[in-house]
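Read left to right, the sequence shown gives residues 12 to 435 (my numbering).
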Amino acid sequence: MNNQARFGLTVDIGTTWVTLHLVDLANRKCLLQSILHNPQQSAGLDVVSRIRFSQRDDSRFRWLTSSIRTCIDEGVRQILRERSLRPGSIADVVVVGNTVMHHLFFGFPVGHLLTPPYVADHKEAITVPCASVGLELGETTQCYSPPVIESYVGPDAIALMMASGLAQQDEPAIAIDLGTNTEIALGSAGATWVASAASGPAFEGMSLDCGMAAAEGAIREVSIDPTNLKPTFEVFGHGSPSGICGTGVISALAGMLDAGIVDSKGSMNREIESVWLSKYRDVISYTVCPATQSQTGKPIYISQFDLRLVQQSKAAVLAAVSVLMDYARISAEDLRKVYLTGSFGHGLNLEDAYRVGVLPRFSGAHVNQVLGAASIGADMIAADLLRKREADYLAASTRYVELVDNPLFQTRYAEAQFFPPGGQ
């Protein structure tokens, strides 16, 4: 560590987004945030696709590592320029992410995560010179990453638990980072359980016909008039919509269920005659925004294919939460604090989430929705390096629950494919 430096940098490597924070070490506050696209998306939208891509030959694995390092280094340089800072003014860099993102950044093999028992290549905390991972900062600036808990549950889960204060809660509490790879941590009776659910890119607006990220121009909320099925919507920003993000799809789907457009199995009602139901690419779809109102001059719609992707995503999350509650021997009604985060979790309308069955109804809990909990947890470490001990403790004491080949998860996942007939 450079004792003369005044700032810390934190990096949350998400499957879709990379978030950088500049932290003032004097007052422990985030001064600047930069959010970048993860360039690895061209190799696959989810972590399993990227692992498979990396296994084809060594050059592809090296590209995954070099591309994310270059992305982060360019983001760091931009932050330094914006604040007129020298590279030597950065004391330390703290990096978090799921295990696949963590391993690819540090250059560790990821192939073992494809097959049982899904073992991470490197689990211990890491402290290396920044130059060794492609970050051009001061000669003494170190790059630190908390331990991997197990399998796909990486340092971002530790940062999530730190930000939510889960281990310090006296009552049952759960923290959920909703995204392409969803991390869930549950604390009850002095113990903590954690799991990772492969929820897929639909929540981030990716892989959908008209999907986009939660950015300007994205439809974020939809209401449907049950008498004529006409939609009204809200958009990020002040212009016309150019696509629909994850929260918009969940909002629209809640309305489609209430209006009878979609049944509990996730199938659109082909018997309904309405100008809002059409076929695009020969697939029945619901039009959220007609071409005349969109920024692109094309209609924005939700297709039957989109619904199947959302079904898989929401089932993975609901089943994972259910399994963790079973391990802790509690129900959703027993939870007193719920911490939702991620770009999707932060903006999610809870009633829509309950209606669609993304989450069980947390009827007795205070729900706190926060953007970027993993970054907040990383900031806490950067501002107080004694928290490294807390990270080690959390990694050692947390009980990991494997879901991939878990019969209980498979049963709950199959059950969670259905949409609640009238809300939960």
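Beta carbons: idealized from backbone N, C-alpha and C, even for Gly. Just so you know, these numbers come straight off a predicted model, no measurement behind them.
Only residues of its own chain outside the window of five on either side were considered, and among them I195, L197, W204, A206, V412 have a CB closer than 7 Å to the CB of L335, listed in chain order. Only residues of its own chain outside the window of five on either side were considered, and among them S253 have a CB closer than 6 Å to the CB of T307, listed in chain order. With a threshold of 16 other beta carbon atoms within 10 Å, A142 falls short and is exposed.
Sixteen is the threshold: since fewer than 16 other Cβ atoms of the shown chains lie within 10 Å of the Cβ of R94, the residue is exposed.
For L20, the enclosing beta strand (DSSP E) starts and ends at 18–24. Per the coordinates, the alpha-carbon of I235 lies some 21 Å from the alpha-carbon of M223.
Here the region 246–263 does not lie against the region 345–352, with fewer than 3 beta-carbon pairs under 8 Å apart.
Collapsing the DSSP output to three states places A208 in a strand.
For A224, no alpha helix (DSSP H) segment is defined, and its DSSP state is neither H nor E. Apart from sequence neighbours up to five positions away, the residues of its chain that approach A302 with a beta-carbon distance below 7 Å are G308, K309, P310, ordered along the chain. Separation of V104 and R292 (C-alpha to C-alpha, rounded to the nearest whole angstrom) is 47 Å. Between the region 422–429 and the region 317–330, the count of Cβ pairs shorter than 8 Å is three or higher; the stretches touch. Rounded to whole angstroms, P432 and L125 show a C-alpha spacing of 36 Å.
Annotated three-state conformation of E284 is coil, per DSSP.
In this structure, the alpha-carbon of Q304 lies about 45 Å from that of L146. Pairing A208 with L419, the inter-Cα distance amounts to about 14 Å. Within its own chain, the residues whose Cβ lies closer than 6 Å to the Cβ of I46, once the five positions on either side in sequence are excluded, are W28, T30, listed in chain order. If only uninterrupted alpha helix (DSSP H) runs of at least 4 residues are considered, those enclosed by the region 103–161 are 110–117. Around the beta carbon of G201, fewer than 16 other beta carbons sit within 10 angstroms, so the residue counts as exposed. Assignment of beta-bridge partners to A200 by DSSP yields no partner. Taking 8 Å as the cut-off, the beta carbon of S324 is found no closer than this to the beta carbon of A186. Ranked by Cα distance from S278, the first of S408, T152, D317 is D317. Between the alpha carbons of R63 and G122 lies a distance of about 8 Å. Around the beta carbon of Q179, a 10 Å sphere encloses fewer than 16 other beta carbons of the protein chains shown; the residue is thus reported as exposed.
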